[in-house]
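**Student:** Using this note's numbering, the first residue of the sequence shown is number 2, and each one after it goes up by one.
Starting off with a structure, shown below.
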Amino acid sequence: MSNTVSRSLTEDYLPETKLYLAGDGPLRGALEKQVQALGLKGRVIFLGKLPNEQLPALLNKCEVFVLPSLYEGNPKALLEAMACGLPCLTSDIEGIKETVSQNRNGLLVNPLKKDITKGLTLLLRDKFFAEQLGLQARETIEKGFALEQALEKEVVLLKDLIAN
Numbered sequence: 002m003s004n005t006v007s008r009s010l011t012e013d014y015l016p017e018t019k020l021y022l023a024g025d026g027p028l029r030g031a032l033e034k035q036v037q038a039l040g041l042k043g044r045v046i047f048l049g050k051l052p053n054e055q056l057p058a059l060l061n062k063c064e065v066f067v068l069p070s071l072y073e074g075n076p077k078a079l080l081e082a083m084a085c086g087l088p089c090l091t092s093d094i095e096g097i098k099e100t101v102s103q104n105r106n107g108l109l110v111n112p113l114k115k116d117i118t119k120g121l122t123l124l125l126r127d128k129f130f131a132e133q134l135g136l137q138a139r140e141t142i143e144k145g146f147a148l149e150q151a152l153e154k155e156v157v158l159l160k161d162l163i164a165n
């Protein structure tokens with residue numbers, strides 16, 4: 002959880018928003034202390050590591066998916082959220098920009114600025130826009146990440162590697 006995400010939750014205009022954090026990592030203890038210090042206990046829920054079969058149910062309960070990473074390849078969590086039709090607010094960085102197109106199938110923001118707060122506010126207030134992003138996100142996965150297409154891309158890559 003970045004400082005900008007935690008600040009977003011403390012803003013008066015997002016009073017009902019809850020943040021669910023799935024997964025574990027070395028920063029969990031520090032994050033729990035930050036949540037306590039900011040008075041966000043009860044609004045930030047640490048779920049820990051979840052079995053893969055529980056993720057679709059969790060994602061389908063959410064209104065927005067946020068991935069404020071500084072470095073990513075092609076994150077599986079983002080692809081899963083898009084497949085569930087969630088509007089995604091994520092970092093404007095290489096790897097992610099190959100899948101998410103600004104204002105078409107998601108929102109790309111600078112994770113170090115107040116862009117996350119602005120993006121969250123937009124997606125939570127403009128339900129129609131959020132729904133359209135979610136529909137386009139799902140379509141992106143259906144068209145660009147189908148098993149047959151993924152296998153074709155892999156075969157092309159392997160042939161190129163063998164040829165060179």
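For glycine and all other residues, C-beta sits at the position ideal for the given N, C-alpha and C.
Everything numeric in this text was worked out from a predicted model, so none of it was measured.
For LYS114, does the three-state DSSP call read helix, strand or coil?
**Tutor:** Residue 114 sits at position 113 when you count from the first residue of the sequence shown. Here LYS114 sits in coil by DSSP.
**Student:** Going by DSSP, name the residue or residues bridged to SER92.
**Tutor:** As a position in the sequence shown, residue 92 is number 91, starting the count at 1. DSSP lists VAL110 as partners of SER92.
**Student:** From the DSSP secondary-structure annotation, give me the bridge partner or partners of GLY49.
**Tutor:** Against the sequence shown, residue 49 aligns to sequence position 48. According to DSSP, GLY49 bridges with ALA23 and GLY24.
**Student:** Within 8 Å, do at least three Cβ pairs link the stretch 32 to 42 to the stretch 70 to 81?
**Tutor:** no
**Student:** My understanding is that LEU60 touches ALA82, with C-beta atoms under 8 Å, so please give their C-beta distance in whole angstroms.
**Tutor:** On the sequence shown, residue 60 is found 59 positions in, with the first residue counted as 1. On the sequence shown, residue 82 is found 81 positions in, with the first residue counted as 1. About 6 Å; that satisfies the 8 Å criterion.
**Student:** Considering just the uninterrupted stretch of the beta strand (DSSP E) at LEU68, what are its terminal residues?
**Tutor:** On the sequence shown, residue 68 is found 67 positions in, with the first residue counted as 1. Where LEU68 is concerned, the enclosing beta strand (DSSP E) stretches over 66 to 68.
**Student:** Please classify LYS42: does DSSP put it in a helix, a strand, or coil?
**Tutor:** Looking up residue 42 in the sequence shown gives position 41. The answer is strand: DSSP assigns LYS42 an E or B state.
**Student:** Under the assumption that GLY40 contacts GLY74 (Cβ atoms under 8 Å), give the Cβ distance between them as a whole number of angstroms.
**Tutor:** Taking the sequence shown and counting its residues from 1, the one referred to as residue 40 is at position 39. Taking the sequence shown and counting its residues from 1, the one referred to as residue 74 is at position 73. Not really, about 35 Å apart at Cβ, beyond 8 Å.
**Student:** Where does the unbroken alpha helix (DSSP H) through PHE146 begin, and where does it stop?
**Tutor:** Along the sequence shown, read from residue 1 onward, the residue named residue 146 stands at position 145. No alpha helix (DSSP H) holds PHE146; DSSP gives it neither H nor E.
**Student:** Quick one: what's got a C-beta closer than 7 Å to PHE146's C-beta in the same chain, skipping five residues either side?
**Tutor:** If you number the sequence shown from 1, residue 146 lands on position 145. These residues qualify, in order along the chain: LEU80.
**Student:** Kindly list the residues whose CB is nearer than 7 Å to the CB of GLY49, restricted to its own chain and excluding five residues on each side of it in sequence; keep chain order.
**Tutor:** Taking the first residue of the sequence shown as 1, we reach residue 49 at position 48. Cβ within range, chain order: ASP25.
**Student:** Assess, as a yes-or-no matter, whether the stretch 96 to 107 is touched by the stretch 134 to 146 under the definition of 3 or more beta carbon pairs within less than 8 Å.
**Tutor:** yes
**Student:** I'd like the list of long-range same chain contacts for LEU162, defined as Cβ closer than 8 Å, with 5 residues on each side in sequence excluded.
**Tutor:** As a first step, residue 162 is located in the sequence shown; it is residue number 161 there, counting from the start. There are no such residues.
**Student:** Taking only heavy atoms of the ligand ADP into account, decide whether any of them is closer than 6 Å to the Cβ of ASN111.
**Tutor:** The ligand ADP is absent from the structure shown, which contains no ligands of any kind.
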